[in-house]
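Listed in order, the protein sequences are those of chains A and B. Position in the first sequence (first residue = 1) + 573 = the working numbering. Position in the second sequence (first residue = 1) + 25 = the working numbering. The C-beta atom is built at its ideal place from N, Cα and C for all residues, glycine as well.
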Amino acid sequence: MTGESAKTNLPPLSLHVPEPRSRPGDPVDFSDIIVPNAGKQPRPDENADPKDMMDLSYDLVRVLDEKGAAVGPWDPKLNEKQLLKMLRDMALTRAFDERLYRAQRQGKTSFYMKCRGEEATSIAPAMALDSEDMVFPSYRQQGILISRGYPLVEMVNQIYSNKGDKLKGRQLPIMYCSRRLNFFTISGNLATQYPQAVGWAMASAIKGDSRIAAVWCGEGSTAESDFHAAMTFGTVYNAPCIFNVVNNQWAISSFSGFAGAERTTFAARAIGYGMAGLRVDGNDPLAVYAATQWAAQRARTNQGPTLIEHFTYRAEGHSTSDDPSAYRSSDEATEWPLGDPIERLKTHMIGLGIWDEERHAAMDEEVATEVKAATKEAEKNGILGHGLHQPFETMFEDVFEELPWHLREQSEQAIREREIKWPE
Amino acid sequence: MARMNMIQAINSALDNMMERDDNVVMMGEDIGYFGGVFRATAGLQEKYGKTRVFDTPISECGIIGAAVGMGAYGLRPVPEIQFADYIYPGMDQLISEAARLRYRSAGEFTAPITVRSPFGGGIFGGQTHSQSPESMFTHVSGLKTVIPSTPYDAKGLLIASIEDNDPVLFFEPKRIYNGPFDGYYDKPVQPWSKHDAGEVPDDYYRIDLGKANIVREGDDLTVLAYGTMVHVALGVIKEQGIDAEVIDLRTLVPLDIEAIEQSIEKTGRCLIVHEATRTSGFGAELSALVQERCFYHLEAPIERVTGFDTPYPHSLEWAYFPGPVRIGEALDKIMKG
Ligand SMILES: Cc1ncc(C[n+]2csc(CCOP(=O)(O)OP(=O)(O)O)c2C)c(N)n1
Ligand SMILES: [Mg+2]
């Protein structure tokens with residue numbers, strides 16, 4: 574130190590606070606989003622060195638072009654049956670969301686969350702993974718359960734917390750769980766599933782198994798420490814795990830800039846960890862499928878984890894508790910430059926000559942009927958109401974494997990109160 | 026004087042403090058432009074600018090850690106944690122850092138921060154929007170814990186918390202944001218506008234930390250409660266026609282031990298009520314203190330009414346909640362004892 578100040582002649586410091594593109598009433602301007610032509614992104618070998626594929630963390634892997642044709646090296650070349658399943662599962666997910674959202678509005682349950690516009694980011698990966706691979710979802714991956722064939726009635730039972738609810742009415746609606754379908758129990762606390770998925774993948778590697786893990790979180794959740802802990806463990810142990818970041822631009826009312834998107838992409842988080850990273854058009858189900866297939870192949874051959882950013886848009890509110898018109902322009906959803914995943918796949922299939930408007934309309938009707946039937950069936954088991962669908966002793970089960978004395982006493986207390994409070 | 030619900034009273038306290046002290050800054054998830062998921066900070070970013078009221082990344086560790094750093098600089102941060110259930114990723118910054126800065130630096134650095142967070146159940150929020158984690162903080166040396174039960178108290182206590190030079194956890198019972206809930210979930214709740222404690226001055230005033238409030242005087246027994254449970258207890262007492270003294274603790278740490286002692290010396294009986302789980306809950310501390318300090322005045326064993334030792338269930342919420350029946354049974358027991 575010379576005694577002279579090191580801070581002469583500088584302007585006063587100022588704090589930067591991110592600001593989104595538009596607020597309610599503003600015109601929407603997505604011109605800063607660069608949408609590269611489909612088919613132009615190179616597809617490296619599945620065992621590529623992460624150093625040699627860093628560009629793909631800033632690019633956007635796209636397969637479906639403006640006319641709906643599948644082009645370029647990432648085209649997964651799905652057969653007709655696969656395309657039909659993909660389309661139908663997305664349509665079914667959307668129909669399910671519509672109806673259960675309405676059910677919440679009608680007072681049949683307390684809460685619901687849609688994934689409109691983001692269907693491809695769970696349905697396409699679910700198809701590209703093996704059904705034995707373990708998935709660690711966030712609350713917006715209902716598409717995975719639907720793709721894996723979970724009965725809709727079971728989903729509605731859970732949403733209504735009714736007699737048929739396998740989770741015994743304990744969890745908030747949509748916080749599903751299915752061990753049978755290798756679908757991990759959903760947590761309300763953001764990003765906690767990230768390091769858990771790595772641990773599962775490490776266990777699979779320790780045991781010389783062949784199954785891999787895949788995990789999802791929103792772009793907002795990447796700010797949590799758990800995300801970064803998972804990335805470190807993933808890279809240190811070269812864990813067979815696929816990290817999905819669904820960048821739907823919003824985290825409740827906070828735009829992606831509050832998770833760092835003003836400076837770089839979410840896929841580029843991979844670079845600092847020396848991990849493979851892919852940034853994918855999340856509204857292009859074929860691109861999402863191809864990226865997952867690539868990452869799964871890499872993981873399965875001991876080449877380690879991949880971080881996939883799905884660039885998409887949350888077309889509706891965060892949940893039934895949210896009104897997005899209070900913080901973002903309502904035109905954003907319609908102006909979104911990457912379109913809608915169902916529309917895009919439909920156009921593609923019509924172009925292939927395997928689909929048409931009539932069949933699409935018939936499918937929409939069919940999935941709506943299927944959902945309706947499931948809700949009617951589930952309603953026979955009751956709706957949330959005041960929650961007397963579960964015997965009171967179930968509240969105390971599963972806290973531990975065995976019931977300790979204090980929970981037994983509390984259980985007796987609860988049952989006694991039931992007789993007084995709800996004598997019928 | 027204005028009529029305010031608890032959210033408006035909190036907003037008014039924040040507004041007063043932002044105006045009086047340039048060092049007061051607020052941050053948290055969705056609190057800026059949007060004004061918070063419960064609207065507690067509505068309008069404040071517009072009024073004070075986005076370098077004093079701003080949104081944050083979704084990182085409770087970052088929010089609390091940054092608040093500690095800002096406090097070390099000399100600011101007086103008031104971070105919001107969206108739900109108390111989401112405070113856990115910030116625990117290390119609270120327990121190992123905020124709570125001990127003063128001690129380990131022998132007073133050179135302090136953490137004059139007030140962490141606001143909605144807590145408690147009764148809104149069908151399931152296990153991650155319903156918890157009452159206050160005793161995790163009262164157990165830590167160096168943290169103060171404040172819980173208001175009315176709009177009037179919320180404003181005065183929040184101002185005193187912000188002005189306090191030590192870290193404060195300010196838990197807002199979200200079930201009573203709009204009105205004093207008496208435990209009967211199937212009956213409409215009277216709004217704060219119809220309640221005396223809904224009268225809240227627009228101007229600055231403070232309620233000192235560490236001072237309990239005797240919300241009802243009585244001779245038969247003493248009820249120790251805070252937050253939502255003050256109103257649930259009052260309802261049952263009225264129903265049963267018991268002449269109970271109801272003490273709203275308002276601050277758990279530091280605790281107004283004098284008010285408790287004086288009351289129990291008078292009544293000789295003590296019921297403790299909280300919504301949090303029972304084992305190692307704050308009721309255990311209260312019970313121990315009363316036993317240690319008032320034993321020879323006690324005419325009956327101390328009773329605790331609490332939430333059950335399970336995660337907060339979704340559908341069985343009202344079976345879980347320590348409502349009028351559970352409190353009524355305990356009252357019977359004490360009065361017969
Ligand atoms: C640890 C934690 N902090 C805060 C919340 C409250 N919260 C629930 S969802 C959400 C936004 C998440 O946004 P993002 O990760 O982008 O996912 P998206 O909802 O867009 O799918 C927030 C802040 C939470 N559930 N858990
Ligand atoms: Mg998001």
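Rounded C-alpha distance that separates residue i from residue j
i, j, result
"A/Arg661", "A/Ser794", "29 Å"
"B/Thr276", "B/Thr163", "10 Å"
"B/Val78", "B/Tyr321", "52 Å"
"B/Ala65", "B/Ile32", "5 Å"
"A/Glu955", "A/Pro996", "Note that residue 955 of chain A corresponds to Gly in the displayed sequence, not to Glu. Looking at the two C-alpha atoms, the distance is approximately 19 Å."
"A/Asp599", "B/Phe59", "16 Å"
"B/Val240", "B/Ser160", "23 Å"
"B/Pro336", "A/Phe669", "29 Å"
"B/Thr253", "B/His154", "15 Å"
"A/Phe965", "B/Leu341", "8 Å"
"A/Gly645", "A/Ile607", "18 Å"
"A/Ala840", "B/Thr302", "42 Å"
"B/Val103", "B/Ile187", "7 Å"
"A/Lys544", "A/Leu665", "Any property of residue 544 of chain A remains undetermined from this structure, which presents chain A solely from 574 to 997."
"B/Pro198", "B/Glu105", "14 Å"
"B/Leu194", "B/Lys169", "6 Å"
"A/Thr805", "A/Tyr846", "7 Å"
Nearest-angstrom beta carbon gap, residue j and residue i [assumed within contact, 8 Å]
i, j, result
"A/Trp688", "A/Gly722", "Per the sequence shown, the amino acid found at residue 688 of chain A is Cys instead of Trp. Between A/Gly722 and A/Cys688 the Cβ distance is about 18 Å, and since that is not below 8 Å, they are no contact."
"B/Gly57", "B/Gln70", "5 Å"
"A/Val708", "A/Ala860", "About 19 Å; that fails the 8 Å criterion."
"A/Trp1061", "A/Asn817", "The requested residue 1061 of chain A is not part of the displayed model; chain A covers only 574 to 997."
"A/Ala812", "A/Val853", "That belief does not hold up - the Cβ atoms of A/Ala812 and A/Val853 are roughly 21 Å apart, past 8 Å."
"A/Ser734", "A/Leu957", "5 Å"
"A/Asn856", "A/Pro914", "5 Å"
Min CB distance residue i to chain A below 9 Å
i, result
"B/Ile359", "no"
"B/Asp334", "yes"
"B/Ser142", "no"
"B/Pro114", "yes"
"B/Phe59", "yes"
"B/Gly146", "no"
"B/Ile106", "no"
"B/Cys295", "no"
"B/Gln152", "yes"
Beta-carbon proximity list for residue i, same chain, < 8 Å, skipping 5 on both sides
i, result
"B/Glu324", "Gly293, Arg294 and Gly362"
"B/Asn36", "Arg64, Ala65, Thr66, Ala67, Gly68 and Leu69"
"A/Arg873", "Ser783, Ile785 and Pro813"
"A/Leu633", "Ile607, Val608, Pro609, Gln614, Arg852, Val853, Asp854 and Phe884"
As assigned by DSSP and simplified to three states, the class of residue i
i, result
"A/Glu797", "coil"
"B/Asn238", "strand"
"A/Leu859", "helix"
"A/Val998", "This structure does not reach residue 998 of chain A, given that chain A is present from 574 up to 997, and the question cannot be answered."
"A/Val708", "strand"
"A/Ser751", "strand"
"A/Ala579", "coil"
"B/Ile297", "strand"
"B/His339", "coil"
"B/Glu105", "strand"
"B/Phe196", "strand"
"A/Ser827", "strand"
"A/Asn735", "coil"
"A/Phe669", "helix"
"B/Met26", "coil"
Below-9 Å beta-carbon distance, residue i vs any chain B residue
i, result
"A/Gln870", "no"
"A/Arg678", "no"
"A/Asp590", "Strictly speaking, residue 590 of chain A in this sequence is Val, with Asp absent from that position. Interface residue, yes."
"A/Gln876", "no"
"A/Ser760", "yes"
"A/Tyr846", "no"
"A/Gln769", "no"
Neighbourhood of residue i by C-beta, 6 Å cutoff - its chain only, sequence neighbours within 5 removed
i, result
"B/Asp80", "Gly57"
"B/Arg231", "Gly181, Ile184 and Ala185"
"B/Phe144", "Ala109, Ser157 and Phe196"
Residues near residue i in its chain [Cβ-Cβ closer than 7 Å; skip 5 each side]
i, result
"A/Pro649", "Leu859, Tyr862, Ala863 and Gln866"
Check: residue i C-beta below 8 Å from any heavy atom of ligand 4
i, result
"B/Asn203", "In the structure shown, ligand 4 is absent; the only ligands present are ligand 1 and ligand 2."
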